[in-house]
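*Asks:* So the mapping is simple: the numbering used here equals the position in the sequence shown, first residue as 1, plus 2. No residue lacks a Cβ here, since even glycine has one placed at the ideal position from N, Cα and C. Please read all numbers here as calculations on a predicted model, not as lab measurements.
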Amino acid sequence: MRCSIPFFILFLIVGCTQAPRPKSLAEETREIAKVFETREAITDRTLDSATIAGFLSRHPDSKGDSAAIFSFYKRRGYHYAWFVDDTLSHAAFGFASLVHGTDKAHPTVAALSERLRQLMEQPTRAGQPPCDSCGQDLELTLTAEFFHFANKEYGGMVGKDLRELDWFIPRTKKNYDRLLDSIAAGGMDLSAIEPLHPQYGKLKQRLRKYVMLDTLVRWDPLSLGDRKKLEPGDTAGVIPDIRQRLMVLGDLVTGMDTLVLHSMAYDSLLVQAVMRFQERHSLLPDGVIGTSVIRALNITPAQRVRTMLINMERLRWVPEAYAPDLILVNIPEYRMHIFEDGKEAWNMKVVVGNVATRTVIFSDTLTNIVFSPYWGVPQSIVKNEILPEIRKNPNYLAKKGMERIGGTDANPVIRQKPGRSNALGLVKFLFPNNYSIYFHDTPSKGGFARESRAFSHGCIRLSEPQRLAEYLLRNDTTWTTEKIKAAMNKGSETWVTLKEKRPVTIGYFTAWVGPDDRLYFCDDVYGHDEKLAAELFFDLTPTPAPLPTEPVVEVLN
Numbered sequence: 003m004r005c006s007i008p009f010f011i012l013f014l015i016v017g018c019t020q021a022p023r024p025k026s027l028a029e030e031t032r033e034i035a036k037v038f039e040t041r042e043a044i045t046d047r048t049l050d051s052a053t054i055a056g057f058l059s060r061h062p063d064s065k066g067d068s069a070a071i072f073s074f075y076k077r078r079g080y081h082y083a084w085f086v087d088d089t090l091s092h093a094a095f096g097f098a099s100l101v102h103g104t105d106k107a108h109p110t111v112a113a114l115s116e117r118l119r120q121l122m123e124q125p126t127r128a129g130q131p132p133c134d135s136c137g138q139d140l141e142l143t144l145t146a147e148f149f150h151f152a153n154k155e156y157g158g159m160v161g162k163d164l165r166e167l168d169w170f171i172p173r174t175k176k177n178y179d180r181l182l183d184s185i186a187a188g189g190m191d192l193s194a195i196e197p198l199h200p201q202y203g204k205l206k207q208r209l210r211k212y213v214m215l216d217t218l219v220r221w222d223p224l225s226l227g228d229r230k231k232l233e234p235g236d237t238a239g240v241i242p243d244i245r246q247r248l249m250v251l252g253d254l255v256t257g258m259d260t261l262v263l264h265s266m267a268y269d270s271l272l273v274q275a276v277m278r279f280q281e282r283h284s285l286l287p288d289g290v291i292g293t294s295v296i297r298a299l300n301i302t303p304a305q306r307v308r309t310m311l312i313n314m315e316r317l318r319w320v321p322e323a324y325a326p327d328l329i330l331v332n333i334p335e336y337r338m339h340i341f342e343d344g345k346e347a348w349n350m351k352v353v354v355g356n357v358a359t360r361t362v363i364f365s366d367t368l369t370n371i372v373f374s375p376y377w378g379v380p381q382s383i384v385k386n387e388i389l390p391e392i393r394k395n396p397n398y399l400a401k402k403g404m405e406r407i408g409g410t411d412a413n414p415v416i417r418q419k420p421g422r423s424n425a426l427g428l429v430k431f432l433f434p435n436n437y438s439i440y441f442h443d444t445p446s447k448g449g450f451a452r453e454s455r456a457f458s459h460g461c462i463r464l465s466e467p468q469r470l471a472e473y474l475l476r477n478d479t480t481w482t483t484e485k486i487k488a489a490m491n492k493g494s495e496t497w498v499t500l501k502e503k504r505p506v507t508i509g510y511f512t513a514w515v516g517p518d519d520r521l522y523f524c525d526d527v528y529g530h531d532e533k534l535a536a537e538l539f540f541d542l543t544p545t546p547a548p549l550p551t552e553p554v555v556e557v558l559n
């Protein structure tokens, strides 16, 4: 006897067994974001739908994105996206940096980059918080520009569709502990919100080790006692503890050597380990255990984990891959890295701006070398440093090889003539930008021997300027080493336009994995880590404080 199944029952069976519709990236991202959200909003400032509608009516070029913009603000309870109170957020500067680093050959991107630059300058021009209507307009303009940029053509810069990633511009602070547990344990698929930059995966891998150290290893503070330093051959009661800590961190590699854990002698094997540790922490690798080494050893695994997580968040606004021939300056590392075909070819020490005159984070293109340059003295230096000296000594300009070329007695235009005493040294490298920042030589070579090298007026001094000039001109047969030396010492200015332009990025990373596959850390010299942590995370774990440094007093540059 045949058994027939009623149609409505068959329909229910088939309907129940159909595979569920796959979630869109937007849905997946929002579900992940909700897991880590807290009740504390990034900012208390809010908009209303009427303000958004008014903005869109005044900017018809953004009407195509009107539904997405309304949806974006509705999801975040109409809280501002680009401000934390009266200050532009990390996301705002990250977005601007991403656009500035995009290929400017496309006229749309070049125009957007210029518009963003003008927008980002608005809050700082008056030196005070923006008015309500100004802030609203800037907030909505940044959102509109974000949606212009975040299409298939340019969203690929970070390997994600920026329109769908609420994670890029969070509405509330994240639960730091919950996020850390998920990343370290790998119990949740976070691929939808994770950057594709290779540094992210490398840091994530090392982060898990430090989470384990925080759980399993006591991290009692080490101390030199009454001693200021320990040198090779010294003995001290703290040596066994230092030896054990360097073993845990992976800097003490024994190989076939015999290791006596409890020996109080500062032996050659431990010296090598200390030097490896110093290299990884941007310290002078001299093998001397001083206050800076002890301080770095005392930074707990929990603090290192936080630093890594902050830098992983920072990578959200970095292009998926570096340009193959990039020149990268990492500000807190005080070092320039020169890449060739995607791999680091070499690097050199640099000096960056001090805390008061910080070097700006941005990207541009190196186009010119200037041998035997004049130095056009910035008006701030003229006002604050040179004019007081002239009042004390009328011959000050001649003594310093300077000359007045315009202006008034109260506000003169001054430049320094080419020569070995010139504040820019014998060569400078230009990547035209709105911050008046460039690379240059310096007559003050002693500064490169310091561990902390943040004491310029904002420009970046190079320890090996001639080597960089030779490298950039290596494929130009008209510029031999001898000709470069002659031009540097000529005493009259010579401009060279590079046939091969080089992308330049001035970045800020306090944790990264080097080409030798080792984990590196450096001090948060400008306090950017602390600010980003306070903006993004809801927790009270302190970030490592930068090492106190002796002030450097300089009259010029």
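Looking at the structure shown, is Tyr522 part of a helix, part of a strand, or coil, going by DSSP?
*Replies:* Correct three-state label for Tyr522: strand.
*Asks:* Once you ignore the five residues that flank Asn370 on each side, which residues in its own chain have a CB closer than 7 Å to its CB?
*Replies:* Only Leu432, Trp497, Val498, Thr499, Leu500 meet the Cβ criterion.
*Asks:* Please work out which residues of its chain come closer than 7 Å, Cβ to Cβ, to Val307, disregarding the five sequence neighbours upstream and downstream, and give them in chain order.
*Replies:* Correct list, in chain order: Leu182, Leu209, Tyr212, Val213, Asp216.
*Asks:* To the nearest angstrom, how far is it from the Cα of Arg245 to the Cα of Leu272?
*Replies:* Each residue's alpha carbon lies about 7 Å from the other.
*Asks:* Could you tell me the alpha carbon to alpha carbon distance between Tyr82 and Leu224, rounded to whole angstroms?
*Replies:* Rounded to whole angstroms, Tyr82 to Leu224 spans 45 Å at the Cα level.
*Asks:* Short of 8 Å in beta carbon distance, which residues of its chain neighbour Thr576, apart from the five on each side in sequence? Order them along the chain.
*Replies:* There is no way to answer for residue 576, as the model of the chain reaches only from 3 to 559.
*Asks:* Along the chain, where does the beta strand (DSSP E) that runs through Leu432 open and close?
*Replies:* Leu432 -> beta strand (DSSP E) spans 429-432.
*Asks:* For Arg406, which residues does DSSP report across the bridge?
*Replies:* Arg406 is bridged to Ile416.
*Asks:* Along the chain, where does the alpha helix (DSSP H) that runs through Thr480 open and close?
*Replies:* Counting along the chain, Thr480 falls outside any alpha helix (DSSP H), and DSSP gives it neither H nor E.
*Asks:* Arg297 bridges to which residues according to DSSP?
*Replies:* Per DSSP, none; premise fails for Arg297.
*Asks:* Where Ser458 and Tyr437 are concerned, what is the direct C-alpha to C-alpha distance, given to the nearest angstrom?
*Replies:* Distance between the alpha carbons of Ser458 and Tyr437 is about 14 Å.
*Asks:* In this structure, does DSSP put Trp348 in helix, strand or coil?
*Replies:* Residue state, collapsed to three classes: strand.
*Asks:* Within the same chain, show all residues whose beta-carbon is closer than 7 Å to that of Ala194, passing over the 5 residues directly before and after it, in chain order.
*Replies:* If we look at Ala194 and ignore the five residues flanking it on each side, its Cβ neighbours are Leu27, Glu30, Thr31, Ile34.
*Asks:* Using the C-alpha atoms, what's the distance from Asp228 back to Thr573?
*Replies:* The requested residue 573 is not part of the displayed model; the chain covers only 3 to 559.
*Asks:* Which same chain residues end up closer than 8 Å to Gly129 when comparing Cβ atoms and leaving out the 5 residues on each side of it in sequence?
*Replies:* Low per-residue confidence applies at Gly129: pLDDT is 47, beneath 50, and the placement is therefore not dependable enough to give any value.
*Asks:* Who are Glu30's beta bridge partners in DSSP?
*Replies:* In the DSSP output, where bridge partners are listed per residue, Glu30 has none listed.
*Asks:* Give me the residue from Ile71, Met266, Ala52 with the minimum Cα distance to His150.
*Replies:* Checked all of Ile71, Met266, Ala52; the closest Cα to His150 is Ile71.
*Asks:* From Thr367 to Leu464, what distance separates their C-alpha atoms?
*Replies:* When rounded, the distance between both Cα atoms is 17 Å.
*Asks:* So, using beta-carbon positions, are Val219 and Val250 closer together than 8 Å?
*Replies:* Result yes, Cβ atoms of Val219 and Val250 sit closer than 8 Å.
*Asks:* Am I right that Asn349 and Phe511 are in contact with their C-beta atoms under 8 Å? What's the rounded C-beta distance?
*Replies:* At roughly 14 Å, the Cβ-Cβ gap does not stay under 8 Å, so Asn349 and Phe511 are not in contact.
*Asks:* May I ask you to list the residues that DSSP assigns as paired with Trp84?
*Replies:* BP columns for Trp84 are empty, so no partner.
*Asks:* Quick one: what's got a C-beta closer than 6 Å to Leu14's C-beta in the same chain, skipping five residues either side?
*Replies:* Caution is warranted here: a pLDDT of 40 is assigned to Leu14, below 50, making its placement in the model unreliable, and the coordinate value is therefore given only provisionally. Excluding residues within five positions, none has a Cβ falling inside 6 Å.
*Asks:* Could you tell me which residues DSSP pairs with Met338 in its beta bridges?
*Replies:* For Met338, which the question treats as bridged, DSSP gives the partners Val331, Met350.
*Asks:* Leaving aside the five residues before and after Asp50 along the sequence, list all residues of the same chain whose C-beta is less than 6 Å from its C-beta, in chain order.
*Replies:* The answer is none, since no qualifying residue turns up.
*Asks:* Quick check for students: name the residue ranges of the alpha helix (DSSP H) that lie wholly in the segment 238-276, counting only runs of 4 or more.
*Replies:* If we require 4 residues or more, the alpha helix (DSSP H) runs fully inside the segment 238-276 come out as 241-251.
*Asks:* What residue range is occupied by the uninterrupted alpha helix (DSSP H) comprising Lys401?
*Replies:* That run of the alpha helix (DSSP H) goes 398-401.
*Asks:* Looking at the unbroken beta strand (DSSP E) that takes in Pro505, where does it start and where does it end?
*Replies:* Here the beta strand (DSSP E) through Pro505 covers 496-509.
*Asks:* Here's a check: name, in chain order, each residue in its chain whose Cβ is nearer than 8 Å to the Cβ of Val555, leaving out the five neighbours to either side.
*Replies:* Summary for Val555: the model assigns pLDDT 42, below 50, so the residue's position carries little reliability; its value from the coordinates is reported in the next sentence. Closer than 8 Å at Cβ, skipping near neighbours: no residue.
*Asks:* Taking the alpha-carbon positions, what's the Ile416 to Arg119 distance?
*Replies:* Spanning the two alpha carbons is a distance of roughly 28 Å.
*Asks:* Between Tyr80 and the rest of its own chain, which residues show a CB-CB distance below 6 Å, the 5 nearest in sequence each way excluded?
*Replies:* Cβ neighbours of Tyr80 beyond the five flanking positions: Thr48, Leu49.
*Asks:* Give me, in chain order, the residues of the same chain whose beta-carbon lies closer than 6 Å to that of Pro546; leave out the 5 immediate sequence neighbours on both sides.
*Replies:* Contacts found: Ile301, Gln305.
*Asks:* Is Phe540 helix, strand or coil by DSSP?
*Replies:* Reduced to three states, the DSSP call for Phe540 is coil.
*Asks:* Quick one: what's got a C-beta closer than 8 Å to Asn395's C-beta in the same chain, skipping five residues either side?
*Replies:* Excluding residues within five positions, the ones whose Cβ falls inside 8 Å are Lys401.
*Asks:* Cutting at 6 Å between CB atoms, please list the residues of its own chain near Met310, excluding the five before and the five after it.
*Replies:* Cβ neighbours of Met310 beyond the five flanking positions: Leu205, Leu209, Ala513.
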